[in-house]
Every structure is written in C-alpha cells, then in structure tokens.
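In this note's numbering, the protein residues as written are 3 to 593.
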C-alpha cells in the first residue's frame, strides 16, 4: 500500500467515523489579552501598553461561545494583570489534566512578542542566535519571568499532542510566525529597533530589564520538537505575521482598536453562516489581511495535514452553525435594548429578527455589553424576547473623500482632442509624467479640463522648463468609475476638489526607462485649483498607486478591469492615511 493510499484511508476514517463521537467531545480555551503592562505590582508601564488586545480577547471569547458552542465555564480569560506565566500555565495544565483524547482546545495570545539574543544557538542553522517569546504583563518578574520562550511553549503544547487533545493556538503579536515552531530567525537588521511605532505589539531590545537599557540575553540550548511535526498530531498554529514582521493594531468600523489579524479572523466568520474547513479559514484570513485591507503583514500557519479537512477548531465540519442570538432587556417608545454589545461584535447596522421573522430590528447604538435597536412602535415586544442576527451588515463613516473630475467629452471626443492638442507637447524634453519625473519644485502642473485649445496655456510652460499635464477623465469613464466607487462605505465622492482629500486625475506616460510602452495613467493627486491653466506648482507630483490603460476607448471587459484596478488603488489610498479598517459591506443606496 503506497503512502498516498494510506493517507486517503486516514482521511476517510477521520471524516466519516470520527463524527459519530463528536458530540461527546469537550471544548476548552485559554484566552490572553494584554493592554496593560506593569513595571511593578500595581504600577502600569508608561511605554509598552497596547490598545486592542483586550478587545481581541473578548471577541475570540464571543466567537468560541456563539459560533463553536464552547461552554462558558470552560473558557479561562486572563486579561492585563492576570496574564502571568503562572496563571497561563496553571490554566493550560488544568485542561491537560481533565481533558481527554479528541477534546478541542484553543489557546489565544494577544500582546507583545519579542526576539531575544540566544548565543547558545548561534551555530544552529535555524535559530541563528535568536529565541522568540511572548511577553506576559508582569515586566517586573525576577529573571525575566514575564517571558514565555518558544521552547517553553513547545514543551507545553507537545503534552497536549501526546494526550491526543486537538490544540489550536493563535498568536496576535509581533514576530509570531514561528512562535510555536522555532524554525527561522529574522534578518539581522530587523531583529530589534529602539524607535517603535505606537501600537505595534513588540518590545524593543533592552526594554524588559528595570533600567530599560541592558540587552536581553539568554542561553537556551534545548532543541524541542515542533508540535505540528508529530504525525497525526492535529495541532495547528496561526500567527498574525511572519517571524520578522510586526503585528498591526487597527481601528474597526466602530472606531474600536483591534489586532488586524484577529479582526480579520472575526470578519471571516462574520460573513458566512456555513462551517468552514480549516484550509478555507486560513485562506480567507490571508485574503482579508493582504488583498482586501492592504496591510503590510503576512499571517503564518503551521499545522498537521489532517487539519485541512476539519473545521477551525479541529472537529468535523458541522452541517449547521449556530446563529448569534440576543434578548430584549429594555423597551422604549421606538427602540429596544438587547443584552449584547461590541464585546460580542455587535455593530451599528446589524439586523436582528424575531424567531418567527415577523419583527426586524436594526442596531442604532452599541455599548460594551448592550445595544439599542430601532423598532416599529406598532409591534409588540416583551422583555426576554429573543432575536437572531440575520445580517451582520455594518455602517461606518467614510475614511477618504474623493473627487473625480469628469470632462464633458466622451472617450472618443477626448482622444481626438488629446492627440491634436496635448500629445505633441509630450515630446518636449521638459515633459514629465508618472514614470519619468525629476524632483524640481519650480516645475509647473497644468490641469486640462475641457479647453479646446489647451496649447495656448501649455506652450509658455513648455518653454520655461519642466512641466506636468494632469487631465480630467472622459465622462463615460468617469461615470463607470463613479458607479464602482459610490458603493464603498469607506469612500465619499464629493462635488469639488476643494472638498476632497485626493483627486483622481489622468496622466499620459511616454516611453521611458520605467515605462516600456506609452499609456494613460489614472492616479491620485492632491487637489489642484479648478482653473489651473496657468500651471500652479504642486507640492506632491504623484502618489505611488496607479491604474493604467493603453487607450481610453475601452470595451466592456477592459472597462471592468480598469474600474476594478481603480477600486484597488483607492483602497491603497485609504491605507496610506492610517490603520482604519476598510468597510467591505457595500453602501445601501436608495434610488
């Protein structure tokens, strides 16, 4: 029997026979979230605190309770001062003691992650003189007892594997890519930085000791096997980023701080009512972080191959997943109050319905453990009535104001005038474009809108030296772009450049070292005055994001591709303004 056949037999057994006993399996979790670090008992650190870790911990708790039906008494929460190595170890050992083979266990950590100099492993081809650790809240613990090293975690996790418990570990912290693996070291130049960006979940070199100046060094020669390498371990580890990256904190649609990784995980489950395979979950997390949110971190996963075919917590896929439910606790004239809030990921815009579907509620305001929903005053509701979330739709404020300058000419008319009036000037040695420009504060930018004789204004600029030409967009293309972007909640389309943060202009790029074929470039720019025919000087020439087209006369397929590309560069523009979550729920537009 070859290896592939053996593997298929194992999978068939796992999928079809194990579910017979799935109802008898218990579920346990240890959830750690640390916003507040302490330099001494009761004395908060003023340098290393975070914002979103407790929110993340509460969101994971809600996910396990409401999506995966974890018993509340089986979830241990360790927040802030309670998050010490002793409390963590005690909680995990308690589960290990009472758990049995086949039980599902989730370990979640959200806080600081750190790299440590470990000279004992300098010759190790994998570690290269480094160890990883998660940092608990008690920075004052003697002998760096606040640090839980990667080897310590591997020893602990291997005990769960040996007892055949199904362990899923999640780390939303910096340098976490191999925290339970210990396989690779980061590039030497990126191991530590003294000047850290606020909100990153790492602790700079030398910041653990009391004096905050001594380089942290340990000697740990142990070579502990990695849990995921044990055959049929059913172990899985998910990390926010690679072992050389920092984990970002973001602000969600409601303005609450979260780890980007945890927010992505929650978003994946929020958007689907069916049970997802582990493989599908991690694929969607990566897509959420990298593609949709345009965040500069790469979630990292290590897992036993059997986990691909289970659900997220390692159990057989379920035919039905529980719906989130909340109860009425107060009644107003046209509102009711539900007993669930943002700790359960309730958001402004969520829709709840009564179990008989006769009553519909829309969430209007959200608090930590409660929320207020609008209701038709004619409907009868009693305290204790249960409502099911039927739509996780979220409403949020726009993050970026965009102006799209539309020409009164269609693409054919625009192209004709462009070839006759503007194209000749692109051959001038002073012409600058998106791919070929020189930093020169004296160079001018000409805005072409609807003039029939633009050469009268461009000609004097061309004689003075370097110049740029930005153009409005043919009306048919502008209409298609507007239709695409007006559905975005995170984007507000405004009526003038004066109202906008950025304007989408058209530029023509000639052949140059960085551009092999001439093409039109759609790119964002700071707003220019509406009548800039005199060639005003602008501070910023071009932003890094762009969409391109070889011509302006496009068929339907090419137009769709262009508008999709412009949507993506608009997300890039939003991301350049900060770490607010881009709301992917389409705006509900009434016509």
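We put the beta carbon where it would ideally sit given N, CA and C, even for glycine.
Using the C-alpha atoms, what's the distance from residue j back to residue i?
i	j	result
residue 151	residue 169	18 Å
residue 522	residue 507	10 Å
residue 585	residue 476	29 Å
residue 403	residue 350	21 Å
residue 225	residue 99	25 Å
residue 82	residue 329	30 Å
residue 237	residue 336	50 Å
residue 583	residue 302	21 Å
residue 250	residue 359	40 Å
residue 590	residue 484	15 Å
residue 193	residue 146	Model confidence at residue 193 stands at a pLDDT of 25, short of 50, so the residue's coordinates are unreliable; what they give is reported in the following sentence. The straight-line gap from Cα to Cα measures roughly 19 Å.
residue 422	residue 478	20 Å
residue 93	residue 368	32 Å
residue 460	residue 427	8 Å
residue 297	residue 288	10 Å
residue 376	residue 266	28 Å
residue 48	residue 425	59 Å
residue 160	residue 153	10 Å
residue 51	residue 37	5 Å
residue 559	residue 487	18 Å
Does the beta-carbon distance from residue i to residue j come in below 7 Å?
i	j	result
residue 451	residue 474	yes
residue 58	residue 261	yes
residue 255	residue 445	no
residue 310	residue 280	yes
residue 373	residue 340	yes
residue 401	residue 482	no
residue 174	residue 274	no
residue 571	residue 549	yes
residue 116	residue 137	yes
residue 86	residue 32	no
residue 576	residue 514	no
residue 389	residue 413	no
residue 416	residue 511	no
residue 432	residue 405	no
residue 106	residue 338	no
residue 306	residue 241	no
residue 252	residue 565	no
residue 365	residue 352	yes
residue 141	residue 39	yes
residue 370	residue 410	no
In this structure, does DSSP put residue i in helix, strand or coil?
i	result
residue 387	coil
residue 581	coil
residue 260	strand
residue 232	coil
residue 355	strand
residue 472	strand
residue 2	The requested residue 2 is not part of the displayed model; the chain covers only 3 to 593.
residue 2	It is not possible to answer for residue 2, since the shown part of the chain is limited to 3 through 593.
residue 339	strand
residue 347	coil
residue 479	helix
residue 1	No answer is possible for residue 1: the residues shown for the chain start at 3 and end at 593.
residue 575	helix
residue 38	coil
residue 446	strand
residue 146	helix
residue 172	strand
residue 48	coil
residue 185	Caution is warranted here: a pLDDT of 40 is assigned to residue 185, below 50, making its placement in the model unreliable, and no coordinate value can be reported.
residue 268	helix
residue 460	helix
residue 253	strand
residue 434	strand
residue 292	helix
residue 590	coil
residue 297	coil
Which first and last residues belong to the beta strand (DSSP E) in which residue i is found?
i	result
residue 364	362-368
residue 29	29-35
residue 377	Element bounds for residue 377: n/a, residue is neither H nor E.
residue 115	114-119
residue 495	493-495
What are the start and end residues of the alpha helix (DSSP H) that includes residue i?
i	result
residue 419	413-419
residue 58	55-68
residue 282	280-288
What I want to know is whether the C-beta of residue i ends up closer than 6 Å to one or more non-hydrogen atoms of the ligand MG.
i	result
residue 36	In the structure shown, the ligand MG is absent, as is every other ligand, since no ligand is present at all.
_My parser needs the alpha helix (DSSP H) runs of 4 or more residues fully inside the region 503-566; what are they?_
none
*asked:* Report the start-end ranges of each beta strand (DSSP E) in the region 80-112 that is 3 residues or longer and not cut off at the edges.
replied: 106-112
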